[in-house]
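What follows is a set of notes on a single structure, which appears directly below.
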Amino acid sequence: MSALVINAGSSSVKFQVVDPDTGTVHAKGLVERIGEPAGAASLEREGADELTSSQRFTDHREALAWVLDQLGGSGLLQDVEVVGHRTVHGGRRFDRPVVLDDETLAVMRELSPLAPLHNPANIQGIEAAREQLPQVPHVGVFDTGFFADLPPEVRTYAIDTEVAREYAVQRYGFHGASHAYVSQRAAQDLGRDPAELKVVVLHLGNGASAAAVDGGRPVDCSMGMTPLEGLVMGTRPGDIDPGVLLHLLRHGMDVDEVDDLLNRRSGLRGLTGTNDMREVRAAATAGDAAARLALDVSIHRIVRYVGAFHAVMGGLGALVFTAGVGENNVELRAEVCERLAVLGVSLDGRRNAAVPRGRAESTVVSADDSRVAVLVTPTNEELYIARAAAATVTP
Ligand code: ADP
147 MSALVINAGS SSVKFQVVDP DTGTVHAKGL VERIGEPAGA ASLEREGADE
197 LTSSQRFTDH REALAWVLDQ LGGSGLLQDV EVVGHRTVHG GRRFDRPVVL
247 DDETLAVMRE LSPLAPLHNP ANIQGIEAAR EQLPQVPHVG VFDTGFFADL
297 PPEVRTYAID TEVAREYAVQ RYGFHGASHA YVSQRAAQDL GRDPAELKVV
347 VLHLGNGASA AAVDGGRPVD CSMGMTPLEG LVMGTRPGDI DPGVLLHLLR
397 HGMDVDEVDD LLNRRSGLRG LTGTNDMREV RAAATAGDAA ARLALDVSIH
447 RIVRYVGAFH AVMGGLGALV FTAGVGENNV ELRAEVCERL AVLGVSLDGR
497 RNAAVPRGRA ESTVVSADDS RVAVLVTPTN EELYIARAAA ATVTP
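Residue numbers (our numbering): 147 to 541.
Structure follows, in structure tokens:
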């Protein structure tokens, strides 16, 4: 059997046809610039040339029609028994993957205010996919799901409980598919029982978050009610004194301007003008002081979270780097690990510089005598979603 995994963003749809058991990817691709005059679509299939198109895609429905046409024409839909949708915010209603029908979609619509940038786009993708592929079950796998049973003291913000209840204010956590997949995979690749391992996963991409996973269960995470809290990201600041927002709101900015500042004009981009870590790194190497400061602020925040999670778990067995920056930025891994020597982290410089690209297995980059194993583990959110979706519909 195969699963079709769909990740619908505001102007893009990523998709993959994957065997949930073996992880074999039969096809994958991307439709971008939905709604713009010229779109961009690509599809890679096993044993065939890449297919591309620059036609206009008016909306998600047209984008999915293209995807399903191409997949169907290549015979790739025959084995698809489930569609797994990446869904961002499950609020308090969805603590596990859920079969998407009219009722659960209505609940997702109610949850949209919690994730105004993400849930509406997810819903458009789901509606279009259900319409065009009605004969197979569709399952939503929520980014918040893995963190649904965070301990109460971690979930709770110390504000008036009535206000928290009325506005559903609590920590939900995000990047759940990545943290779940990577923490399991790292334990497996170390030959360790996940039940006996304390792991910190650093998912460092354009969005970035840290999670503490103790015995296979998440016990803390850096993202909160929204994906704004925690680490410094491409365009978001991570932790910031809420008093800053009050100050800005009282002295001239309106809510939309503050929203724009926090979601699009902060983080690496706010500090340097670009959210691309490669450019920031190159500028810092060339002596640019603002770029160096941006790296230092990011590294300081990561170190602070790893130290905190070490204390929260009462130990640390493995530190795992993943996502675009975590998997590729050799220097950042070295700088973070150097600062963590106090926890027993010791990196092997040669191993760290020689992490092979494009393989699914973890690479151990710590020294043999490091008390904490340090790994680079490529994330695979699609495979996690495919497996969770398949498990949801298989009795
Ligand atoms: P997203 O959150 O959009 O999925 P990714 O996980 O793809 O993000 O990560 C994107 C980030 O990874 C960008 O900042 C990019 O510069 C960075 N990145 C990708 N490749 C490298 C590399 N070789 N060296 C440093 N950074 C990299």
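Quick reminder that beta carbons are idealized off the backbone N, C-alpha and C, glycines included.
Keep in mind the model is a prediction, meaning the values are calculated, not measured.
Can you tell which of Val315, Lys174, Thr302 has the C-alpha that lies nearest to the C-alpha of Leu257? Val315
Using the three-state DSSP reduction, which class does Leu394 fall into: helix, strand or coil? Note: Leu394 maps to helix in three-state DSSP.
What whole-angstrom Cβ distance do Asn409 and Leu251 have, given they're in contact under 8 Å? Contact between Asn409 and Leu251 is absent: CB atoms are separated by about 25 Å, not below the 8 Å threshold.
Taking all protein chains shown into account, do 16 or more other C-beta atoms lie within 10 angstroms of the C-beta of Ala432, making it buried, or fewer, making it exposed? exposed
In whole angstroms, give me the CA-to-CA distance for Gly193 and Gly185. The alpha-carbon atoms of Gly193 and Gly185 are separated by roughly 25 Å.
Report the rounded CA-to-CA distance for Ala499 versus Ala356, giving the unit in angstroms. 23 Å
Name the residue from Thr302, Gly319, Tyr327, Met254 whose alpha carbon lies nearest to the alpha carbon of Gly286. A check of alpha carbon separations from Gly286 across Thr302, Gly319, Tyr327, Met254 identifies Met254 as the nearest.
Residues around ligand 1, please: the ones whose beta-carbon is closer than 5 Å to some heavy atom of it, in chain order. Gly351, Asn352, Gly353, Asp422, Met423, Arg424, Ala469, Gly470, Val471, Asn474, Asn475
Spatially closest choice to Gln270 from Phe240, Arg311, Ala209, Ser329, by CA coordinates: Minimum Cα distance to Gln270 is reached at Ala209.
From Asp165 to Ala536, what distance separates their C-alpha atoms? 10 Å
Once you ignore the five residues that flank Ala274 on each side, which residues in its own chain have a CB closer than 6 Å to its CB? His206, Arg207, Leu210
Host beta strand (DSSP E) of Pro364 (start-end): 363-367
Beta strand (DSSP E) runs contained entirely in the stretch 413-473, provided each spans 3 or more residues: 464-468
With 16 other CB atoms within 10 Å as the buried threshold, where does Glu299 fall? Burial is judged here by how many other beta carbons sit within 10 angstroms of a residue's own beta carbon; Glu299 has fewer than 16 and is exposed.
Cβ-based neighbour list, Arg550, same chain, cut-off 6 Å, excluding 5 preceding and 5 following: Any answer about residue 550 is impossible in this case: the structure gives the chain only from 147 up to 541.
Report the start-end ranges of each beta strand (DSSP E) in the stretch 156-204 that is 3 residues or longer and not cut off at the edges. 159-164, 171-178, 186-191, 197-199
Can Thr420 and Ala469 be called in contact, C-beta distance under 8 Å? no
Thr307 - containing alpha helix (DSSP H), residue span: 307-312
Quick one: is the Cβ of Pro259 within less than 7 Å of any heavy atom of ligand 2? Here the bound small molecules are ligand 1; ligand 2 is not part of this structure.
Which residue marks the beginning of the beta strand (DSSP E) containing Ile152, and which one marks its end? Note, Ile152: beta strand (DSSP E), 148-154.
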